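See structure below.
There are 2 protein chains.
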Amino acid sequence: MNSAGKTKSTRTAKGEQTKALILNSALDLLRERGYEETTMRAIARKAGVSLGNAYHYFGSKEHLIQAFYHRTHGEHLAAALPVLQKETSLKARLLSVLRLKISTLEPYHEFAGVLFKTAADPHSPLNPFAHDSAPTRHDSIKLFEDLVADTKARIPGDLRAELPYLLWLYHMGIILFWIHDSSPKRARTYRLIDQTVDLLDKLISLASNPLMRPVRKRALKLVSELRDMGLAEA
Amino acid sequence: MNSAGKTKSTRTAKGEQTKALILNSALDLLRERGYEETTMRAIARKAGVSLGNAYHYFGSKEHLIQAFYHRTHGEHLAAALPVLQKETSLKARLLSVLRLKISTLEPYHEFAGVLFKTAADPHSPLNPFAHDSAPTRHDSIKLFEDLVADTKARIPGDLRAELPYLLWLYHMGIILFWIHDSSPKRARTYRLIDQTVDLLDKLISLASNPLMRPVRKRALKLVSELRDMGLAEA
DNA sequence: AATTTTTACTGAACACGTTCAAAAAAAGTT
DNA sequence: AACTTTTTTTGAACGTGTTCAGTAAAAATT
């Protein structure tokens, strides 16, 4: 069995091809119709494959979403990494990276809600704290590590260490807002990004003040405990 | 039709009785078996009623959860209000109210995950920003209004106005943690409450400092915009 | 080359949430 | 009391996600 016994590993070139075919069919339908309206039967039909075969490669409908998540993260990464070369300030980097995230996700807005729907369920393999989604989550946080790493802002070491995780959480919050955002061209979300990035920048400066050291230490210790806990769970 | 055309209003004493019977059967089963393992058919059977009849009173399985949410909130309120009489400090009140919330929810820990599962889905009538759940949400926030209202801490007016909503969000975060908490007697959650309440108290003092006024104003304006948005949506 | 073992694939079956037309019961009306 | 309207209740039906025993094909082994 695999990590959680759901998705079988592919052993054959033919199999790899079929698996990709199913995933592409699924993403097409999800983009067009959203989650509920995209049935496993429709996915299999579009891929020219039997229903059972789809389940051979993807243990459940949710596992297809995990594959989607992995793919869009790759797209986002490809778009965001060049930005880290050009921009050096934390603020400018954050602004670009978040805007790119939203534009990458945009084609899937209709069905993205389901991501968070299951994300909060402890029994779902999709929830961000679950063992199954650890690799994708780690990849996702790594982008924010790179973002923070070589920025020349004066940030105390303790805060700098936790900042990637905190920014990742913040970026999840932005996505949650975007999911509920039905304004034209997602204008509200982009405005929220502008405002919160600006505010965050100020708050980081504030927290970096030596006078803040005791409170900062306390808060960061709490954050690190919370962060570690996810890995320790079943 | 009702608020969203889902739950029919009851017109008869007999109907009221049947509705209560179904809800009680549902809550019993949910407590014993959790959400997935509790089928609508089992609920109907336990209530001695046909499947279709269950759907006559509760438009969907999720609507039963909304009823659960309403009921446990009532229990929590009954336990928490006396505390506001005895305790006067914000810190002590918060500590008690949160601990009571967790102990009220405890019997339903197994299935509470589904609360958050659907809570983040924009299409679900259960999501906290949805129109359907507005009454329960408002009731829930009201408790924190009472909690803040007559406390004698020196808190600036702008912060005091938003504090109930912020504390409600915070309390949702605590519940989210509790859902994932599998430690004995939920020790981790109680520890988290202790630590975060302590920290929150310090942060409120900090934010009340006149020097913080500009940043505070900015942050609170953002929060109030976010809060209003929920009501404006479809 | 024949045989065994592993992988890819099929389609029928299951239990579930949900819907709906229609029957039974109750309440309201004349 | 007879009739109409409304509410309650039923049970069959639909489409869904998922499972599984079994078949076809490919790879590994002899």
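These protein sequence lines are chains D and Y, in that order.
Each residue of the first sequence is one higher than the last, beginning at 1 in our numbering.
Each residue of the second sequence is one higher than the last, beginning at 235 in our numbering.
Don't be surprised by glycine CBs; every beta carbon is placed ideally from N, CA and C.
Please read all numbers here as calculations on a predicted model, not as lab measurements.
| said: Suppose contacts are defined by Cβ-Cβ distances below 8 Å. Is residue 325 of chain Y in contact with residue 435 of chain Y by that definition? | reply: yes
| request: Starting from the C-beta of residue 116 of chain D, find all residues in its chain whose C-beta is less than 8 Å away, skip the five residues before and the five after it, and write them out in chain order. | output: 175, 176, 179
| query | Relative to the alpha-carbon of residue 374 of chain Y, which residue among Y/357, Y/387, Y/398 has its alpha-carbon at the smallest distance? | reply | Y/398
| Residue nearest to residue 323 of chain Y in terms of C-alpha spacing, selected from Y/453, Y/381, Y/437 | Y/381
| message | Excluding the 5 residues flanking residue 285 of chain Y on each side, which residues of the same chain have their C-beta closer than 8 Å to its C-beta? | response | 274, 275, 278
| field | Option nearest residue 402 of chain Y by Cα separation, candidates Y/441, Y/416, Y/331, Y/301 | value | Y/331
| task | Leaving aside the five residues before and after residue 318 of chain Y along the sequence, list all residues of the same chain whose C-beta is less than 7 Å from its C-beta, in chain order. | result | 327, 380, 381
| In chain order, which alpha helix (DSSP H) runs of at least 4 residues are fully inside the region 65 to 153 of chain D? | 90 to 105, 109 to 119, 134 to 149
| DSSP-derived helix/strand/coil call for residue 396 of chain Y | helix
| query | Candidates Y/302, Y/313, Y/386: which alpha carbon is nearest residue 253 of chain Y's? | reply | Y/302
| query | CB residue 454 of chain Y to CB residue 196 of chain D, shorter than 8 Å? | reply | no
| residue 181 of chain D by DSSP, collapsed to three states: which one? | coil
| Does any residue of chain Y bring its CB to less than 8 Å from the CB of residue 222 of chain D? | yes
| request: Give the interface partners of residue 39 of chain D over in chain Y, defined as CB-CB distance under 8 Å, in chain order. | output: Simply none; closest approach about 16 Å.
| Contact the region 99 to 109 of chain D vs the region 205 to 212 of chain D: 3+ CB pairs below 8 Å | no
| residue 259 of chain Y classed as buried or exposed, judged by whether at least 16 other C-beta atoms fall within 10 angstroms | buried
| request: Pull up the distance between the alpha-carbon of residue 308 of chain Y and that of residue 249 of chain Y, whole angstroms please. | output: 22 Å
| message | Going by C-alpha to C-alpha distance, which of Y/432, Y/420, Y/452, Y/251 sits closest to residue 340 of chain Y? | response | Y/420
| For the alpha helix (DSSP H) that contains residue 233 of chain Y, what are its first and last residues? | Because chain Y spans 235 through 468 in this model, residue 233 of chain Y falls outside it and cannot be assessed.
| task | Please classify residue 50 of chain D: does DSSP put it in a helix, a strand, or coil? | result | coil
| field | Same chain only: Cβ atoms within 8 Å of residue 182 of chain D, ignoring 5 sequence neighbours per side | value | none
| C-beta neighbour in chain Y for residue 31 of chain D, strict 8 Å | no
| request: Taking residue 289 of chain Y and residue 345 of chain Y to be in contact with their CB atoms under 8 Å, please state how far apart those CB atoms are, rounded to whole angstroms. | output: Not confirmed; about 20 Å, so no contact.
| field | Chain-ordered neighbours of residue 218 of chain D on chain Y, where CB pairs are closer than 7 Å | value | 433
| Who are the Cβ neighbours of residue 113 of chain D in its own chain at under 7 Å, not counting the five residues just before and after it? | 179
| Do residue 76 of chain D and residue 104 of chain D have their C-beta atoms closer together than 8 Å? | yes
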